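J.: My questions will all concern the structure given below.
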Amino acid sequence: MALICLAGDAQVLKDEYVKNLCEKEKLQRIPVDSSQAEKAFAMLQQANFLIPNCLIDVVDFDDWKKSEKDSFIKEAVKNPSVKVVIRTLQPIKDVETVLLELPKPWQDEEWLEYTKKRFAKHGLKFDEKAVRKFLKLTGFNDLVIEREIEKLSNVGQFVDEELVEKITFDYSKAQIDELCFAISSLNKVEAFKLAKGCFEEYEPILICAALAKHFLDLFKVIISVQRKSKYTWPDLKNYSTILSMPIPRLAKFLGFEFKAQSHTAVNHVEIYTPEKLEEVFLRLYLVDLEVKTSTRPLLIFEMFLSWFFTYMGV
């Protein structure tokens, strides 16, 4: 093994793969990102002289320029004595690839199985109701899931619903929820305003996870309800049961307005399609990666907002 591509969207599994590889082959991991491309080339050429038995871990290869990617791969192939891992979303032709993918956003049962395996990996015993409750709080974000499992593992070896409610953070806090609906309702001014406040109060990874969960809920709504311009109370009750979604939350997605409601609700079904949301999911994945390592996470998020509102024609 000289060069390996870790493809797919499973960040935790990629971290685990690299960690196990370093332990097995007694390698020292050296992480490299897109801002360190020149450094990466230099390290590739001199690594064995400067740091014997190292592994160069390129954590964001998709963000590199195409010319840099091509040159780096050629250089890595020419230096088989240096171990290199490049992380991407898609496999790279003619490069040994390990595919590490997460379940799709709509695959609830697959996410349940994935989470059970992560619980077991941490030596935790659990009942299924506890895991389902856990996922409702965390959403389908592997980094958030891992962080919250680590918290549970510090408390005890058996996880039930009561422990989940006590320990696991609810990633749908009110202010963040307000931000999410401002974004999906295409309220540009309010979204930028709320984003600043949320980033002062909450961790960036929490905000990104909540927004991803918000759009996942929206995706479920879009593929499940009959498209129409106005929904009735019986519609709301029926779809709430089908989707297992609280009526107040579903009402915001469907543009249903209660009496004495102070704000105008936006019918999201008229705005979004599954295809549009797929592109949003991809962008959110990239934002999540960048926010983790950036010293200016709010700026990264605001750049996403600018892209999003332009993409949606606002």
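Per our numbering, the very first residue in the sequence shown carries number 150; after that it's consecutive. Backbone N, C-alpha and C define an ideal beta-carbon position, used for all residues, glycine too. Quick caveat: nothing in here was measured; it's all calculated off a predicted structure.
Across which residues does DSSP place L155 in a beta bridge pair?
T.: One-based indexing of the sequence shown puts residue 155 at position 6. BP columns for L155 point to R236, V247.
J.: Give the range of the beta strand (DSSP E) segment to which V207 is assigned.
T.: The residue you call residue 207 lines up with position 58 of the sequence shown. Segment 203-207, the beta strand (DSSP E) holding V207.
J.: Provide the residue span of the beta strand (DSSP E) that contains V181, from first to last.
T.: Locating residue 181 in the sequence shown gives position 32, where the first residue counts as 1. Here the beta strand (DSSP E) through V181 covers 177-181.
J.: Taking the CB atoms as reference points, tell me whether L292 and V161 lie closer together than 8 Å.
T.: In the sequence shown, residue 292 corresponds to position 143, counting from 1. In the sequence shown, residue 161 corresponds to position 12, counting from 1. A contact, by the Cβ cut-off of 8 Å.
J.: For E172 and E419, what's the separation of their Cα atoms in angstroms?
T.: As a first step, residue 172 is located in the sequence shown; it is residue number 23 there, counting from the start. As a first step, residue 419 is located in the sequence shown; it is residue number 270 there, counting from the start. Cα-Cα distance, rounded: 52 Å.
J.: In chain order, what residues of the same chain have a beta carbon less than 7 Å from the beta carbon of L385, not counting five sequence neighbours either side?
T.: Here residue 385 corresponds to residue number 236 of the sequence shown, with the count starting at 1. The residues are I396, L399, A400, L403, F405.
J.: With DSSP collapsed to three states, give me the class of N387.
T.: As a working mapping, residue 387 is identified with position 238 in the sequence shown. Shown here, N387 sits in a helix according to DSSP, grouped into three states.
J.: Between the region 340-349 and the region 323-330, do three or more beta carbon pairs fall short of 8 Å?
T.: By the Cβ rule, the region 340-349 counts as touching the region 323-330, because three or more pairs are nearer than 8 Å.
J.: Should S378 be labelled buried (16 or more other beta-carbon atoms within 10 Å of its own) or exposed?
T.: Walking along the sequence shown from the start, residue 378 turns up at place 229. When all chains shown are included, S378 counts as exposed.
J.: Could you give the C-beta distance for E310 and K278, rounded to a whole number, given that I count them as a contact under 8 Å?
T.: The count along the sequence shown starts at 1 and reaches residue 310 at position 161. The count along the sequence shown starts at 1 and reaches residue 278 at position 129. E310 to K278, Cβ: 5 Å. Contact.
J.: Using 10 angstroms around the beta-carbon of G157, count the other beta-carbons present and answer buried if the total reaches 16, otherwise exposed.
T.: Position 8 of the sequence shown, counted from the first residue, corresponds to residue 157. By the neighbour-count criterion, in which a residue is buried when 16 or more other Cβ atoms sit within 10 angstroms of its Cβ, G157 is buried.
J.: Does the structure place the region 268-287 close enough to the region 208-217 that three or more beta carbon pairs sit under 8 Å?
T.: Output reads no: the region 268-287 does not touch the region 208-217.
J.: If you compare alpha carbons, which of V370, K163, S302, E424 is closest to L238?
T.: Working through the sequence shown from its first residue, we reach residue 238 at position 89. It is K163 whose Cα lies nearest to the Cα of L238.
J.: As a quick exercise: from E339, K218, T459, F341, pick the residue whose alpha carbon is nearest that of K242.
T.: Along the sequence shown, read from residue 1 onward, the residue named residue 242 stands at position 93. Comparing Cα-Cα distances from K242 to each of E339, K218, T459, F341, the minimum goes to K218.
J.: Around the Cβ of L155, are there at least 16 other Cβ atoms within 10 angstroms (buried) or fewer (exposed)?
T.: Reading the sequence shown from its first residue, position 6 is the one you call residue 155. L155 comes out buried.
J.: Cα separation between Q194 and L152?
T.: Along the sequence shown, read from residue 1 onward, the residue named residue 194 stands at position 45. Along the sequence shown, read from residue 1 onward, the residue named residue 152 stands at position 3. Their backbone Cα atoms lie some 14 Å apart in a straight line.
J.: Let's test the definition: count the other Cβ atoms within 10 Å of the Cβ of L355 and tell me whether it reaches 16, buried, or not, exposed.
T.: For the purposes of this step, residue 355 is taken as the residue at position 206 of the sequence shown. Burial call: buried.
J.: What is the residue span of the alpha helix (DSSP H) that R432 lies within?
T.: Against the sequence shown, residue 432 aligns to sequence position 283. Its alpha helix (DSSP H) spans residues 423-442.
J.: Given a threshold of 16 other Cβ atoms within 10 Å of its Cβ, counted over all protein chains shown, does T459 qualify as buried or as exposed?
T.: On the sequence shown, residue 459 is found 310 positions in, with the first residue counted as 1. Label assigned to T459: exposed.
J.: Go ahead and label L431 buried or exposed: buried means 16 or more other beta carbons lie within 10 angstroms of its beta carbon, across all protein chains shown.
T.: What you label residue 431 is simply residue 282 of the sequence shown in a count that begins at 1. The residue is exposed, with fewer than 16 neighbouring Cβ atoms inside 10 Å.
J.: Taking the Cβ atom as the reference point for each residue, do A189 and V207 lie within a distance shorter than 8 Å?
T.: Locating residue 189 in the sequence shown gives position 40, where the first residue counts as 1. Locating residue 207 in the sequence shown gives position 58, where the first residue counts as 1. Taking 8 Å as the Cβ cut-off, A189 and V207 qualify as a contacting pair.
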